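Colleague:
In full-length UniProt numbering, the protein residues as written are 1 to 99.
Have a look at this one:
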């Protein structure tokens with residue numbers, strides 16, 4: 001009987017995990033908040049909202065002064081450094097202009 005309860009618990013966890021994963025890539029992109037251009041060259045960011053999506057990791061090396069500036073922005077907005085960098089990258093990818 002203990003084995004049966006453990007097995008049911010495991011299956012329940014597996015089913016919950018599967019139901020939390022978005023099925024389409026479009027759903028992931030729709031869940032990202034939009035960054036807005038107030039005036040040319042300005043990145044406008046609002047306060048943090050709770051979101052969950054699938055992400056990949058990689059190393060990023062930055063100048064120490066830039067990291068300090070990002071940390072100040074994080075304190076003002078409530079975003080983590082990682083979330084802030086993600087929002088900035090999303091904005092840049094969606095607003096890039098090649099010369």
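Beta carbons are placed, not taken as given, at the ideal position from N, Cα and C, and that holds for glycine. Keep in mind it's a predicted model, so treat the numbers as computed, not measured.
1. Can you list, in chain order, the residues of its chain whose CB lies under 7 Å from that of residue 73, leaving out five sequence neighbours each side?
2. Sort out for me which residues DSSP pairs residue 58 with in a bridge.
3. Residues in its own chain within less than 6 Å of residue 81 by CB, not counting five upstream and five downstream?
4. Rounded to whole angstroms, how far is the Cβ of residue 77 from the Cβ of residue 45, which I believe are closer than 8 Å?
5. With DSSP run on the structure shown, which of helix, strand or coil describes residue 68?
Modeller: So, from the data block:
1. The count along the chain shown starts at 1 and reaches residue 73 at position 73. Contacts found: 84.
2. Start at 1 with the first residue of the chain shown, and residue 58 comes out as number 58. The beta-bridge partner set that DSSP reports for residue 58 is empty.
3. Counting from 1 along the chain shown, the entry for residue 81 is found at position 81. These residues qualify, in order along the chain: 70, 74.
4. Walking along the chain shown from the start, residue 77 turns up at place 77. Walking along the chain shown from the start, residue 45 turns up at place 45. With 8 Å as the limit, residue 77 and residue 45 qualify as a contact, their Cβ atoms being about 6 Å apart.
5. Sequence index remark: in the chain shown, residue 68 carries index 68 (1-based). Residue 68: helix per DSSP, three-state reduction.
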